[in-house]
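Taking it in order: structure first as structure tokens, then the write-up.
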């Protein structure tokens with residue numbers, strides 16, 4: 089008789105290896121060591137497999153874990169790692185003095201075997217970290233964090249690894265800008281990824297980048313203005329493929345970021361992610377300052393779009409938030425710019441016009457897919473039609489009924505500006521609408537269209553630019569709402585799906601009567617009846633606690 093194996097024992101070891109690798113990423117998962125230890129105790133086969141795979145344990149030298157506080161634990165895990173290259177991290181130095189010294193000794197003793205290292209240097213043990221001043225022949229990735237602004241840290245970066253780390257490709261620095269002293273150029277020039285999170289000045293940032301001309305990925309946070317006005321030189325980063333810059337708080341930081349962008353020469357294939365967030369309104373109150381900052385960012389975008397015209401565009405506008413995102417083909421560069429104020433604040437009146445004007449670019453003429461969300465903007469913005477006029481090739485729009493009101497007004501504005509009527513999105517074929525049945529608390533007189541979907545569809549028919557498909561499938565509709573276009577837009581295909589039903593329903597307007605269209609009030613009643621049926625399954629004692637049921641009605 090053959091022995092029956094449990095599902096655990098039948099699991100392919102290649103699959104097990106993939107699962108273990110995912111769960112053993114201690115740099116992104118604090119419980120990685122604990123989870124791996126538990127996995128190794130599931131059964132004898134798993135344990136034998138994991139103990140024989142030295143790289144699992146070599147990549148789990150988590151010195152913050154309690155198991156490293158004992159001599160037995162330290163000895164056992166180093167033994168399990170065999171001769172494999174080590175991944176190691178040490179951030180928590182708040183234990184007893186004798187324990188911390190043992191942990192530091194682990195780093196120093198095995199520095200020549202370390203491939204990836206993350207450390208936080210505290211003022212109390214700053215002298216003991218001289219162990220990092222020796223060569224690290226196999227180190228490829230290094231992250232260093234200073235937890236204080238002390239000048240005692242200033243010598244560390246310039247002394248790292250005795251100037252010898254021939255394989256180092258990634259450096260992550262977090263600390264005060266005064267600690268960002270010049271690292272040895274012998275390994276700075278070989279870096280491929282650099283992450284600076286220390287509020288460096290423009291001149292200091294450019295000074296570092298001058299020595300890292302082989303960078304592929306660059307992250308910058310909070311660029312500060314120089315106290316004096318130094319002569320700044322242009323820095324070329326010919327291999328850069330990704331630039332991520334975060335700016336926030338006040339005007340000086342935003343201006344410094346703009347100055348830095350003006351002094352960087354990056355290739356057109358570089359993807360850009362530029363975030364201006366958590367800023368106070370007063371930082372952009374001055375119209376000229378706001379315009380200069382936005383112009384510097386749009387200039388970077390233009391340089392990229394000249395060589396790689398976007399095919400997909402996403403626009404988000406709220407009273408305190410603006411985001412513009414573009415993509416080209418799947419392997420092409422991307423662009424994302426986002427500006428957001430602090431909570432309870434709104435953009436000055438000049439901000440949205442400047443943003444939309446600076447990004448009304450001819451390079452958008454090849455965009456075919458346009459996702460737009462304009463929320464709580466309860467007044468017409470004249471620059472919106474101008475921006476959308478730059479999108480003549482769009483064949484698909486993804487939006488919601490509230491944003492659609494701005495698209496309805498756009499052709500009217502263009503008619504006033506030009507000598508004759510002009511239709512936006514002349515090649516539009518698909519309208520993808522989400523949140524069709526949602527209500528909104530901040531309605532205003534600006535929301536004057538009770539049925540914006542029909543208004544948009546029928547207006548295009550009147551201008552001989554009928555669309556082909558309306559897609560409601562991003563959300564679920566248990567019944568098709570009663571909208572005017574269902575009776576008048578002959579030939580228009582409507583797609584929707586019901587909750588819990590995998591197939592997509594389709595209806596072609598004009599071929600037959602709409603399939604059970606009902607008003608939104610009726611939709612809510614249907615939902616209420618479903619709730620009653622579900623509730624009837626519970627005991628009457630439970631239902632006795634329900635004292636009030638409200639039916640909410642909303643406009644389509």
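Residue numbers (our numbering): 89 to 644.
Every residue gets a Cβ at the ideal spot worked out from N, C-alpha and C, and that includes glycine.
- Between the C-alpha atoms of residue 577 and residue 541 there is a straight-line separation of about 12 Å.
- Looking at the DSSP output, residue 361 bridges to 332 and 424.
- Rounded to whole angstroms, the gap between the alpha carbons of residue 599 and residue 561 is 21 Å.
- For residue 518 and residue 295, the gap between their C-alpha atoms comes out near 50 Å.
- Residue nearest to residue 415 within the set 515, 211 and 392 is 392 (criterion: CA-CA distance).
- Residue 142 carries a helical assignment under DSSP once its states are collapsed to helix, strand and coil.
- Put simply, of 459, 570, 302 and 192 the residue whose alpha carbon is nearest the alpha carbon of residue 324 is 302.
- In the structure shown, the three-state DSSP call for residue 544 is helix.
- For residue 243, the number of other beta carbons within 10 angstroms of its own is below 16, and it is reported as exposed.
- Beta-bridge partners of residue 559 (DSSP): 520 and 583.
- With a threshold of 16 other beta carbon atoms within 10 Å, residue 395 falls short and is exposed.
- Contact annotation: the region 482-496 touches the region 456-463, with at least three C-beta pairs closer than 8 Å.
- Of all C-beta pairs linking the region 186-203 to the region 214-227, three or more are shorter than 8 Å, placing the two stretches in contact.
- When secondary structure is reduced to three states using DSSP, residue 102 falls in the helix class.
- In the three-state scheme derived from DSSP, where H, G and I count as helix and E and B as strand, residue 203 is classed as strand.
- Around the beta-carbon of residue 317, fewer than 16 other beta-carbon atoms lie within 10 Å, marking it exposed.
- In the structure shown, residue 446 adopts helical secondary structure according to DSSP, grouped into three states.
- Residue 397 and residue 454 have their alpha carbons spaced roughly 7 Å apart.
- The beta carbons of residue 304 and residue 344 sit no closer together than 8 Å.
- Pairing residue 267 with residue 297 gives a Cβ-Cβ distance that is not under 8 Å.
- Cβ neighbours of residue 120 within its own chain (closer than 8 Å, five residues either side excluded): 111, 112, 113, 114, 148 and 150.
- For residue 600, the three-state secondary structure derived from DSSP is coil.
- The criterion of a C-beta distance shorter than 8 Å is not satisfied by residue 265 and residue 251.
- In this structure, DSSP gives residue 405 an extended state, which the three-state scheme calls strand.
- Per the coordinates, the alpha-carbon of residue 373 lies some 6 Å from the alpha-carbon of residue 436.
- Only exposed fits residue 222, as fewer than 16 other CB atoms lie within 10 angstroms of its CB.
- Residue 408 and residue 434 do touch by the CB rule: their CB atoms are close to 5 Å apart, below 8 Å.
- Under a 10 Å Cβ-count criterion, residue 334 is classified as buried, with 16 or more other Cβ atoms of the shown protein chains found around its own Cβ.
- Residue environment: residue 322 is assigned as exposed (fewer than 16 neighbouring CB atoms within 10 Å of its CB, all protein chains considered).
- The three-state secondary structure of residue 115, taken from DSSP, is coil.
- The residue among 449, 592 and 187 with its C-alpha nearest the C-alpha of residue 157 is 187.
- For residue 377, there is no enclosing beta strand (DSSP E); the residue is part of the alpha helix (DSSP H) that begins and ends at 375-395.
- DSSP, reduced to helix, strand and coil, places residue 181 outside both helices and strands of the structure shown, so it counts as coil.
- DSSP, reduced to helix, strand and coil, places residue 211 within a helical segment of the structure shown.
- By the neighbour-count criterion, in which a residue is buried when 16 or more other Cβ atoms sit within 10 angstroms of its Cβ, residue 596 is exposed.
- Ranked by Cα distance from residue 493, the options 477, 478, 465 and 510 are led by 465.
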